Amino acid sequence: MAVLVNTMGETQFVPATKEAIESLEKVKVEDCDTMKMCVICQVEFNLGMEVTKMPCDHLYHHECIVQWLETSHMCPMCRHPLPTSTGG
């Protein structure tokens with residue numbers, strides 16, 4: 068699995084595919100005890116708020132996780148990988 072690509076001495080992160088990002092499930096926050104905040108922006112979730120759920124069940128604000136996955140194909144909490152164009 069390719070986490071980083073080394074191109075001419077530069078290390079680059081591998082983004083998730085657009086299809087993988089678009090297929091992520093959107094859910095409403097029902098229990099703030101499960102995950103209290105988005106670990107990317109550190110802002111708390113509110114009950115009833117729509118958030119994006121990764122396949123590993125971690126929750127994030129949609130804008131936060133999309134921006135993250137455009138750079139790195141892994142969950143910021145557990146490193147669960149999403150598909151990449153390099154086959155990762």
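Sequential numbering of the sequence shown, starting at 68, is according to our numbering. For glycine and all other residues, C-beta sits at the position ideal for the given N, C-alpha and C. Being a predicted model, the structure only gives us computed values, none of them experimental.
{"Query": "Between the CA atoms of THR151 and GLN63 - distance to the nearest angstrom", "Result": "What the structure shows of the chain is the stretch from 68 to 155, and residue 63 is not part of that stretch, so it cannot be assessed."}
{"Query": "Contact between the region 137-147 and the region 111-118 (3+ Cβ pairs under 8 Å)", "Result": "no"}
{"Query": "Pairwise C-alpha distance: MET121 and VAL96", "Result": "14 Å"}
{"Query": "Pairwise C-alpha distance: VAL133 and THR153", "Result": "19 Å"}
{"Query": "Sequence-distant residues of the same chain with beta carbon closer than 8 Å to CYS131, five excluded per side", "Result": "CYS105, ILE107, CYS108"}
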